[in-house]
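Let me begin by presenting the structure, written as structure tokens, before commenting on it.
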Amino acid sequence: MIYVHESALIEENVTIGDGARIWHDAHVRKGASIGERCILGKGVFVDAGVPIGDDCKLQNYACIYRGATLGRGVFVGPLVVFTNDIRPRATDPQFKLRGENDWQTGSIFVADGASIGAHSTILPGVTIGRWAMIGAGSVVRHDVPDYALAVGLPARLIGWVCACGDRVTSQDCRQCGEVPGDHPLRNNES
């Protein structure tokens, strides 16, 4: 069963998976796809054609613009912005307003299980790896590897996390017992 709050705006040709919940004032543009069991909080904006994988949670006022793709189980904190315009300008040099086809849109890919902390900004041309974690308030300008913990302005690698979300420094995770077999710490890549 799908739940869409009466104040949400869902445009034409949107696909919404079973069990999804879309809350107050959310706006999902034409051609977007929302996976099964997703939660879109108050004021979330999903741009035209954006695919959101199953089991994602987008918290209040997150903005996911065209060119972004979210894998399965991605967490997006409140006020996170996925940007897309490589050369942002409101007008051309003669001050004619730019139209929908005047933008050079970049892409962003967020892999399965990744988490983006509140009020972060993700710039175009970035891939965030599986189970990676981006600290609150970060600006991500470069790719982030699987299981990485990245924070700051600009975001930089400061450590590693387990798929359970705990910070790890060895092959053992205090929270769940053992880091996954494909983790960089298991392969001595750290």
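If you read the sequence shown in my numbering, its first letter stands for residue 198, the second for the next number, and so on.
Every residue, glycine too, gets a C-beta built ideally from N, C-alpha and C.
From a predicted model like this one, the values you see are computed outputs, not experimental measurements.
Sequence-distant partners of Gly332 (beyond 5 residues in either direction) whose C-beta falls short of 6 Å from its own C-beta, in its chain, are Gly314, Val348.
Looking from the CA of Ser230, the closest CA among Ala265, Val336, His202 belongs to Ala265. The bridge partners DSSP lists for Gly356 are Leu346. A Cβ-Cβ distance of about 5 Å is found for the pair Ala259 and Val273, placing them in contact under the 8 Å criterion. The DSSP assignment places no complete alpha helix (DSSP H) segment of no fewer than 4 residues inside the region 254–300. Counting C-beta pairs with one atom in each stretch, the region 324–343 and the region 285–300 have fewer than three that are closer than 8 Å, which means they do not touch. Judged by DSSP in its simplified three-state form, Ile199 adopts coil rather than helix or strand. Taking 8 Å as the cut-off, the beta carbon of Gly238 is found no closer than this to the beta carbon of Ile249.
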